[in-house]
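Protein sequences, first through last, are from chains A and B.
Everything in the first sequence is counted per numbering that gives the first Met the number 0, starting at 0 for the first residue and increasing by one.
Everything in the second sequence is counted per numbering that gives the first Met the number 0, starting at 0 for the first residue and increasing by one.
Just so it is clear, CB atoms sit at the ideal spot from N, CA and C, and this is done for glycine as well.
Remember, predicted model here, so these are calculated numbers, not experimental data.
Encoded as structure tokens, the structure appears first; notes follow it.
Protein chains: 2
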Amino acid sequence: MGSVPWKQLLLNALESNAHLKHSSYMQLATVGTNGKPSNRTVVFRGFQDNTDNIQINTDARTRKIEGLKVCSSAEICWYFTDSWEQFRINGNVDIIDGSNPDPLKLQQREKSWFASSLRSRSQYMCPNPGLPCLNEQAQPEISLDPSTGPVDAFCLLILEPDGVDYLNLKNNQRLAFKSRVGDAAKKSWVMERVNP
Amino acid sequence: MGSVPWKQLLLNALESNAHLKHSSYMQLATVGTNGKPSNRTVVFRGFQDNTDNIQINTDARTRKIEGLKVCSSAEICWYFTDSWEQFRINGNVDIIDGSNPDPLKLQQREKSWFASSLRSRSQYMCPNPGLPCLNEQAQPEISLDPSTGPVDAFCLLILEPDGVDYLNLKNNQRLAFKSRVGDAAKKSWVMERVNP
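What follows is the structure, encoded as structure tokens:
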């Protein structure tokens, strides 16, 4: 996959900003069921094996899922605060929850579950996110057996990039990458230098 | 305006993260003319006088303008990396370019132009952003007379918030603020604690 030029730029940015906890935080924009844009911080969970697809874990009970079911397009905006680089990555999102009929996808979901910390996993057992908080007290600690598989609320999102806009604020360079699907459905990328 | 509760939270976050250059950077999501979400980093240019409206400067030649003309809704996602606070601010965006018929709005645009650094202002005189870069050489420095008023490409965006979702990752508290328009078109805010 060294042939995907923007991926190498992204891997370099991840490396040069790795000392910052928030370097894996990116903003995911989707369109809500009301047709309005929606935007929130999510955590980059790595690339799907041998691809340039981006993995995100989310709670199936959040509004982004309803929105993505109607409009599967999304755009990530990822700004690296130390290297002053911005990646805007757009594409379609595949929603993989526990009801997915594809055994291979369910396997990926399970893999992503076990790759998360126990603390991350336990969040999927908390009360419905975004709903009124009924208990004014702090929630009790949830103890989760490390061998327990993904719970119902756990959902893996896979964003397959169609276009990437790269901006480097240190040298004021901007590159536009667009995917093309050629013979035998093989995907390739073209790159163009554009005005910042 | 101390009565707008989320505004005080935001002012506090700005203060506690002020040592970070990127604390004024936020991600603005809009819907493109193709109906797909679009997301990019923009700079917070302060609140409009005596309101809770958010000011953003942008280039009138960028795609976000076309998109906002069709769908004026936007959502800002603003993550503060030091205090671990996220603000999601949605609302409608007013586009104020040089052709605006309202003299008061043109005045605001001019004020925002002169509040920008000379370096920021000179960017609006650069070749059309996003178009292919015809000159492989670095662009020559543009010299701009400090007394020159806003150029055609300079555009002020005013986002009038309708809803704010606040998340504090340090204490795991989440608050939802919604605006209500009451008697005499007076806007007020209701707050609810929601599950994170």
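Report the three-state DSSP secondary structure of A:Asn11 (helix, strand or coil). Counting from one through the first sequence, the residue named residue 11 of chain A turns up at place 12. Helix.
Compile a chain-ordered list of the residues in the stretch 68-86 of chain B whose CB is closer than 8 Å to at least one CB of chain A. Cys70, Ser72, Ala73, Glu74, Ile75, Cys76, Tyr78, Thr80, Gln85
Are the C-beta of B:Gly148 and some C-beta of chain A separated by less than 8 Å? The sequence position of residue 148 of chain B within the second sequence is 149, counting from 1. It does not: the Cβ of B:Gly148 has no partner Cβ on chain A nearer than 8 Å.
Beta-ladder partner(s) of A:Ile95, from DSSP: Reading the first sequence from its first residue, position 96 is the one you call residue 95 of chain A. Its beta-bridge partners are A:Leu155.
Of all Cβ atoms in chain B, is any one closer than 8 Å to the Cβ of A:Gln26? Walking along the first sequence from the start, residue 26 of chain A turns up at place 27. Closer than 8 Å: yes.
With a cut-off of 8 Å, does the C-beta of B:Cys132 fall near any C-beta of chain A? In the second sequence, counting from the first residue as 1, residue 132 of chain B sits at position 133. So yes, B:Cys132 belongs to the interface.
Given this structure, state the Cα-to-Cα distance separating A:Asn49 from A:Trp188, to the nearest angstrom. Within the first sequence, numbered from 1, the residue matching residue 49 of chain A stands at position 50. Within the first sequence, numbered from 1, the residue matching residue 188 of chain A stands at position 189. Cα to Cα, A:Asn49 sits roughly 16 Å from A:Trp188.
Nearest-angstrom Cα separation, counted from B:Cys125 out to A:Gln172: For the purposes of this step, residue 172 of chain A is taken as the residue at position 173 of the first sequence. For the purposes of this step, residue 125 of chain B is taken as the residue at position 126 of the second sequence. Straight-line Cα distance between these residues: approximately 13 Å.
By DSSP, does A:Leu67 sit in helix, in strand, or in coil? Walking along the first sequence from the start, residue 67 of chain A turns up at place 68. Note: A:Leu67 maps to helix in three-state DSSP.
Kindly indicate if chain B contains any beta-carbon less than 8 Å away from that of A:Gly129. Walking along the first sequence from the start, residue 129 of chain A turns up at place 130. Judged by the 8 Å Cβ criterion, A:Gly129 is in contact with chain B.
Would DSSP call A:Pro102 helix, strand or coil? Here residue 102 of chain A is taken as the residue at index 103 of the first sequence, counted from 1. Correct three-state label for A:Pro102: helix.
For the stretch 101-119 of chain A against the stretch 128-135 of chain A, do three or more pairs of beta-carbon atoms, one drawn from each stretch, fall closer than 8 Å, so that the two count as touching? no
Three-state secondary structure assigned by DSSP to B:Arg120: Here the question's residue 120 of chain B lines up with position 121 in the second sequence. The answer is helix: DSSP assigns B:Arg120 an H, G or I state.
Please name the residue or residues paired with B:Gly34 in a DSSP beta bridge. In the second sequence, residue 34 of chain B corresponds to position 35, counting from 1. According to DSSP, which records beta bridges pairwise, B:Gly34 is partnered with nothing at all.
In chain A, what lies closer than 8 Å to B:Lys35 by C-beta? Locating residue 35 of chain B in the second sequence gives position 36, where the first residue counts as 1. The contacting residues are Val30, Cys70, Ser72, Glu74, Asn89.
Do you know how far the Cα of B:Asp164 is from the Cα of B:Glu191? To locate residue 191 of chain B, count along the second sequence from 1; it is residue 192. To locate residue 164 of chain B, count along the second sequence from 1; it is residue 165. Approximately 10 Å between the Cα atoms of the pair.
Answer yes or no: does any C-beta atom of chain A fall closer than 8 Å to that of B:Asn99? Residue 99 of chain B sits at position 100 when you count from the first residue of the second sequence. Cβ-Cβ to chain A under 8 Å: no for B:Asn99.
Please list the partners that B:Thr40 has in chain A, where partner means a Cβ-to-Cβ separation under 7 Å. The count along the second sequence starts at 1 and reaches residue 40 of chain B at position 41. Per Cβ cutoff of 7 Å: Cys76, Tyr78, Gln85.
Relative to the C-alpha of A:Ala175, which candidate in A:Arg87, A:Gln26, A:Ser22 has its C-alpha closest? Start at 1 with the first residue of the first sequence, and residue 175 of chain A comes out as number 176. It is A:Arg87 whose Cα lies nearest to the Cα of A:Ala175.
Taking 8 Å as the threshold (C-beta atoms), are A:Arg62 and A:Gly31 in contact? Locating residue 31 of chain A in the first sequence gives position 32, where the first residue counts as 1. Locating residue 62 of chain A in the first sequence gives position 63, where the first residue counts as 1. Their beta carbons are under 8 Å apart, which means A:Gly31 touches A:Arg62 by this criterion.
Look at the Cβ atom of B:Gly90, then the Cβ atom of B:Glu159, and state whether they are nearer than 8 Å. Position 91 of the second sequence, counted from the first residue, corresponds to residue 90 of chain B. Position 160 of the second sequence, counted from the first residue, corresponds to residue 159 of chain B. It is a contact, given that the beta carbons lie within the stated cut-off.
Within a Cβ cutoff of 6 Å, which residues of the same chain sit near B:Asn127, ignoring the five residues on either side of it in sequence? Working through the second sequence from its first residue, we reach residue 127 of chain B at position 128. Counting only Cβ-Cβ distances below 6 Å, and skipping sequence neighbours, we find Arg60.
Do you know how far the Cα of B:Arg118 is from the Cα of B:Glu84? In the second sequence, the residue the question calls residue 84 of chain B occupies position 85. In the second sequence, the residue the question calls residue 118 of chain B occupies position 119. Spanning the two alpha carbons is a distance of roughly 30 Å.
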